[in-house]
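Chains as they are written, first to last, in the working numbering: chain A, 1 to 136; chain B, 1001 to 1249; chain C, 2001 to 2575.
Below: one structure, written as C-alpha cells.
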Ligand code: SF4
Ligand code: FES
C-alpha cells in the first residue's frame, strides 16, 4: 500500500467531523447496520453459552434459562431481534443488487429479485416456525 | 411588482488569503426554469466576477459542475432553483475533495485512480482492422452498458464517507469503470485488472453505504459494481484454493 | 522547460485521436496534450446521433462521397472527401476495437441508422450518446500510452513562432496562474468550434473558438467562416440539442396545426416510415430555413423563448424511445418537463456547428510550418457549405489521425528546439497578459461585450442574411473590439482565475465573429447554410471558391482559393 499523497500547499483539505454519520439519514442507517453486528455477536455468544450449559445437565440449563428470563435480557433480545431483522432486510436488498438475474437480453430489475428473496426468506422462516411449534 | 428573488449561500475560499472557507450570501432573481448553475452564472456576470466554479455543457453530460447543494452532491446544471424554494440554497464544493478555490476542487487524485484500473480493452491478440469489428450481441452489450455511462462527475465520491475517511480508497466511479471493462465481451484483461480492484484499497474497503448509487445522476450504480467485484474476487479466491492450477485465468 | 515533440492543443475527440496516432507512429516521440478542461469535459461529449462510415454491402464509398458533396452544396474539396470516406470505415472499427459501445444488430455487427441527407443507412451510433461514448473510449484508451503527457486545465494563450516555424505555445496553468512556454516541433490545434459567438447555441460554454483565433492571430487564414450550421431541433431557451436521430428513428416535425409542413417545401411526400433524404431526413440547412418560413407564415407556436414547432415522437412508442433515444427522453424530462412518450417536444433552429475553420491540407497541415489542425476547428474541407449530420464525428477521427501521424513524421525530421528565444517569447506573453488584463483598470465588463456581440451576430448572421444588417454587425463588432481594449477584471488572483480565462475567450470570440461577418458579407450568393435574401441564388461563376479570412490590424482581409472538383461536377441541389 502506498503512502497517502502529500498535501499540496494552497489547497484546503476538509476535515471529516466525528459526527459525520449524523449528517444524512442514509449515513445513519448505515451506522445502525454496522452497530447491529455487535448485538448479533452478543446474541451468538449467549447462544454458545446456552449450548454449553445444556451439555452440563438439566439443572445448569434451568438456572441459565432462569437468568435469561430477567427483564434486562428480554429487552436485549428484543433489540437484537430488531437489529437482526434490519440487518437481514438490508442484506437481502444488497443480494438483489449483487446477483444479476438475466432473462434474454434484459436484466431482471433488482426490485423483483429482492421481492423473490424476501418471499423465499418468509417461507423459510415460516417453515422453521412450524417445525419448532410442531415439536413442542 | 418587485422581482422574485432567492438567496444562495456560496462557499468562498481564496487560497492565498483564507485559512478556511467561508459562506457568502448572494440574492439573485428567481426564475422557474433556472438551475443553480444559471444563478451562479448570473452572479459571475453581473455581481462578482471573482466567483470561481467549473461548468461547460449545461446539459448534464460533461460532468464539470458537481457541487454540494444543500449538503447533497448534485450536478448544478440539473438542479432547479424551484426544487429548493424558498431558499436559501447552500452551494458548497464537492465534499471530501481538497478545495482549490471557491467551488473548484482538486480531482488529480481521481484522475490517477482512473488510470490505475486500466480502463481500456486488453487483448491477447488484436484482430486486424481489415477483419472488421469484434462481434458483440445486444445482450453482451447490455451486460456492461450501464457501467459505461459514467460521466466522471465524482458526485459518488462526495457521497462516500469511506472515501472521506480513507482517501486512498479507489472509490465508486473508478471501480465501476474497471468492472465495466471486465464485463466487456471484447476484453481479456480480467486477470490484470481484478487484482487491482481487489487490493487493500479496492473493493474491500467499501462497507456498502450505498449512497454513491443514490446520488449518481446517470444510473451507473457503482455500488453494484463494487459488490459484484467482491463476489468475483471471492470466487477467484475459493477457486484458487480448490483448484490451485485451474480457476479463472 | 516543458518540451515535447508533438503538442496537441485540445483534448476532445480530434485531439485525443491525434495524440494516439502520434504515439503509435513512433516510440521515440513525446506527446503533450494541453487543454483548458479535463479531456472528458470536451464538447465531443455532447454529440448525440452518430458517426457515418460505409459499413454495409448495399453502400459504396462513392455514395457517401456524393451525399457529402451534394449536402455541402459543392463547396467541399472533393479530394478531401474521397480520403475521408475511404478512411472512415477503418477509423470507426478502430474505435470499436478500443471499446466504444456501439449499438449492435442481433448478429453482433455494429448497427447503422439513417441520417439527414444520406442515401443509405450508414450512421453508427451508441444509442443517442455517440459523442459521449466516443470521447470516453478515446480518453480511456489514451491513458494506456505513457508517452502522452497531459496538461489539464492549461490555456494556450499564443503560438510561439520562430524563424517562420511553430515551436510551441505559451500557456497559462489555471492552477497557479503561471505562464510557461511548452515547446514542440509540431503543434496540432484541436480546440473545436466557436458556437458561443451566438446567444442561442447547442455548444457548450467552452466552445469559444480559441484555437481558430490562435492560428488566425499567427497569420494563418480561416477558411469558409461564413458557413454556420443551424440545427433544426434545439430546445427553446437553453438551446439543448435534440438529436437528428430522433427524426431518423421516425420522429415528425409539425407546425401549430399539427401539419407536417416540410411537404410544402419540396421535401415530400410525407410517409409514415422515414425515407432517406425526404421530409424530416432532409439536410439541416434546408430544414432550418423551412422553420423560418413557417414562422413568417404565422404557423409556428409562440412561447416565452420565441417561435417553435413540435417534434413528435409519440408514435414511436416507449420501447423504441428508451432503446434508441434514452438521452432525448432524459433531457426533455429534465429541462422542459416533457415526456416525449406522451407529448411532442418544442424545438427550434439553433446554432450548432461551424463548417469553416483553420485552413488545412489533407494532412491537417496549415500554411505555417509545424502547425496542424483537425476537427471542427479546422476546415479541410469536407463539409463545404453545409455539413451532413454524423459526418463531424467521423471527420475528427479521420483527420485527427491523419494530422497526428503527419505531425509525428514532421517532428521526427526536425532538429531540437532552441529554448532561449522561446523563454523570451513566453516572458513577453506573460507581460502582455499582465498589462492587458491583470494590472489594467478598464471599466468595460466582459459579460456586456459578450452579450452585445452575440446579439449582433444573431441579428446579422442568422439563417437569413442581407447586406445592410451584416454591415451593421461588422460595425458593431469593430466597435466592440475597441471596447474590449478597455476591459476590466474584478479578479486579480493568480490561482484559478476564471475571469481571466473568460477575457481570453472573449478575445477569441471577437476574432471569430469578425471573420464570420466579413466572409459572409463578401459572399454575394446563397449556398448551403449561407442564405442571402439579396442574393437568393447559388452563383458558381463568381463564388465556387473558398473564402479565406486573414488577420490584419483593421480586421479580416478576405481572399479566395479554388475548390477542388474531382468526379462530381456541380449540379443543382434538390432533394
Ligand atoms: S458513477 Fe455516477 S456519480 Fe460517480 S462519477 Fe460516474 S456518473 Fe458521477
Ligand atoms: S455543466 Fe456539464 S454536467 Fe453540468
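Just so you know, even glycine gets a beta-carbon here, dropped at the ideal spot from N, CA and C.
With its beta carbon less than 8 Å from one in chain B, residue 2237 of chain C belongs to the interface. Inter-segment contact for the segment 2425-2437 of chain C and the segment 2147-2160 of chain C is present: three or more beta-carbon pairs are separated by less than 8 Å. Checking the 7 Å criterion, the Cβ of residue 73 of chain A is out of range of every heavy atom belonging to ligand 2.
Contact of residue 2011 of chain C with chain B by beta-carbon distance below 9 Å is absent, the smallest such distance being about 12 Å.
Residue 1150 of chain B has its CB nearer than 7 Å to a heavy atom of ligand 1. In this structure, the straight-line span from the alpha carbon of residue 2125 of chain C to that of residue 2022 of chain C is close to 26 Å. Taking a contact to require three or more Cβ pairs closer than 8 Å, the segment 1077-1085 of chain B and the segment 1047-1065 of chain B qualify as touching. Around residue 2346 of chain C, no beta-carbon contact reaches into chain B at under 8 Å, the shortest distance being about 13 Å. The residue among B/1046, B/1117, B/1035, B/1110 with its C-alpha nearest the C-alpha of residue 1179 of chain B is B/1117. Taking all protein chains in view, the Cβ of residue 1047 of chain B is surrounded by fewer than 16 other Cβ atoms within 10 Å, so the residue is classified as exposed. DSSP, reduced to helix, strand and coil, places residue 1125 of chain B outside both helices and strands of the structure shown, so it counts as coil. Counting C-beta atoms within 10 angstroms of its own C-beta, residue 2153 of chain C has 16 or more neighbours from the protein chains shown and is therefore classed as buried. In the three-state DSSP reduction, residue 1118 of chain B falls in the coil class, being neither helix nor strand.
Per DSSP, the beta bridge partners of residue 2302 of chain C are C/2307.
Here the C-alpha atom of residue 2382 of chain C lies approximately 7 Å from the C-alpha atom of residue 2078 of chain C. Along the segment 1137-1156 of chain B, going in chain order, the ones with a CB nearer than 7 Å to a CB of chain C are 1137, 1138, 1141, 1145, 1148, 1152. By DSSP's assignment, residue 2354 of chain C forms a beta bridge with C/2228.
In the structure shown, the three-state DSSP call for residue 1085 of chain B is coil. The beta-carbon distance between residue 2355 of chain C and residue 2387 of chain C, rounded to whole angstroms, is 5 Å. This is short enough to meet the 8 Å contact definition. DSSP places residue 2548 of chain C within a strand segment (E or B) once states are collapsed to three. The Cβ of residue 1043 of chain B sits no closer than 8 Å to any Cβ of chain A. Contact note: residue 11 of chain A reaches chain B through 1015, 1098, 1099, 1100, 1106, using a C-beta cutoff of 8 Å and chain order. Taking the beta carbon of residue 2086 of chain C as reference, no residue of chain B falls within 7 Å; the closest one sits roughly 13 Å away.
Its chain contains 1004, 1005, 1006, 1081 as the residues whose beta carbon lies nearer than 7 Å to that of residue 1030 of chain B, once the 5 sequence neighbours on both sides are disregarded; these appear in chain order.
Residue pairing from DSSP leaves residue 1065 of chain B without any beta-bridge partner.
Per DSSP, the unbroken beta strand (DSSP E) holding residue 2162 of chain C starts and ends at 2154-2162.
Residue 2534 of chain C and residue 2169 of chain C have their C-alpha atoms roughly 43 Å apart. Between ligand 1 and residue 1154 of chain B, a heavy atom-to-CB distance of less than 7 Å is present. Going by DSSP, residue 1236 of chain B is part of no beta strand (DSSP E) but of the alpha helix (DSSP H) stretching over 1222-1242. Where residue 1182 of chain B is concerned, the enclosing alpha helix (DSSP H) starts and stops at 1172-1183.
Listed along chain C, the residues sitting closer than 9 Å to residue 1078 of chain B by beta-carbon distance are 2334, 2335.
Of all alpha-carbon atoms in C/2372, C/2472, C/2524, C/2120, the one lying nearest the alpha-carbon of residue 2065 of chain C is that of C/2120.
Shown here, residue 1150 of chain B sits in coil according to DSSP, grouped into three states, outside any helix or strand.
A contact between stretches requires three or more CB pairs, one per stretch, nearer than 8 Å, and the segment 2332-2341 of chain C fails this requirement with the segment 2211-2224 of chain C. In this structure, ligand 2 has a non-hydrogen atom nearer than 7 Å to the beta-carbon of residue 1057 of chain B. Comparing alpha-carbon positions, the option among C/2018, C/2127, C/2244, C/2325 lying closest to residue 2288 of chain C turns out to be C/2244.
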